[in-house]
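Peer 1: Count along the sequence shown from 1, then add 69; that gives the number in our numbering.
Every residue gets a Cβ at the ideal spot worked out from N, C-alpha and C, and that includes glycine.
Note that the structure is predicted; figures quoted are calculated from it, not measured.
After the structure tokens below, expect a handful of questions from me.
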Amino acid sequence: MLEKAHSLGIKVIVDLVPNHTSDEHAWFREALAAAPGSPERERYMFHPGKDSKAGSGDGALARTIGNPSSAAPRGRA
70 MLEKAHSLGI KVIVDLVPNH TSDEHAWFRE ALAAAPGSPE RERYMFHPGK DSKAGSGDGA
130 LARTIGNPSS AAPRGRA
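Rendered as structure tokens:
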């Protein structure tokens, strides 16, 4: 398809939004499992939760992304 577009003089632009991934995406799950400073962790910005009662680290992040009943992301208890 790209070759056909180019043959017709059409330029193709690909739009990718890498700052939006699901908490179920393989990259996010790899980041949670990886050590701080690892290449997998560099894909995301980890920070303490907004609520001081939420604690900090991955558990707070999990609560922030919509899993308030657990300190761990879905499927990772």
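Does the stretch 91-100 touch the stretch 109-116, meaning 3 or more C-beta pairs lie closer than 8 Å?
Peer 2: Yes: at least three Cβ pairs fall under 8 Å.
Peer 1: In three-state DSSP terms, what is Ala102?
Peer 2: Residue state, collapsed to three classes: helix.
Peer 1: Beta-carbon separation of Val86 and Leu71 under 8 Å?
Peer 2: Against a cut-off of 8 Å, the Cβ pair of Leu71 and Val86 comes out as no contact.
Peer 1: Which same chain residues end up closer than 7 Å to Ala100 when comparing Cβ atoms and leaving out the 5 residues on each side of it in sequence?
Peer 2: Excluding positions up to five away in sequence, the list reads Glu109, Arg110, Arg112, Tyr113.
Peer 1: For His75, I'd like the list of residues in its chain whose CB is within less than 8 Å of its CB, leaving aside the five on either flank, ordered along the chain.
Peer 2: Closer than 8 Å at the Cβ level, and outside the excluded window around His75, lie Val81.
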